[in-house]
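Heads up: the structure comes next, in structure tokens.
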Amino acid sequence: MKQFHQYLDAPWKKFLFWGIVILILSIVLFIIGGIIGYGVSSDNSPFNFLSSKTWNHVFSFIK
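The structure is reproduced here in structure tokens:
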């Protein structure tokens, strides 16, 4: 484990590392939450949350 920490000695490297970790976790949690929420609130399959048709419908409200 000590070999891994030698690469994170500089403060900007620690900041970049934790920023990437938080970004990846945020994306994963958004997808999981969307699948659960779509499954609870819809009669369709929860995995329809990931389809492009669903997102086109959502973005049509924004335009």
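The numbers in the numbering used here rise by one with no breaks, and the one at position 12 of the sequence shown is 58. Backbone N, C-alpha and C define an ideal beta-carbon position, used for all residues, glycine too.
Going by beta-carbon coordinates alone, are residue i and residue j separated by less than 9 Å?
i	j	result
G85	F76	no
I78	F93	no
L54	F63	yes
Problem - Any alpha helix (DSSP H) of 4 or more consecutive residues that is wholly inside the region 56-104 - result: 57-87
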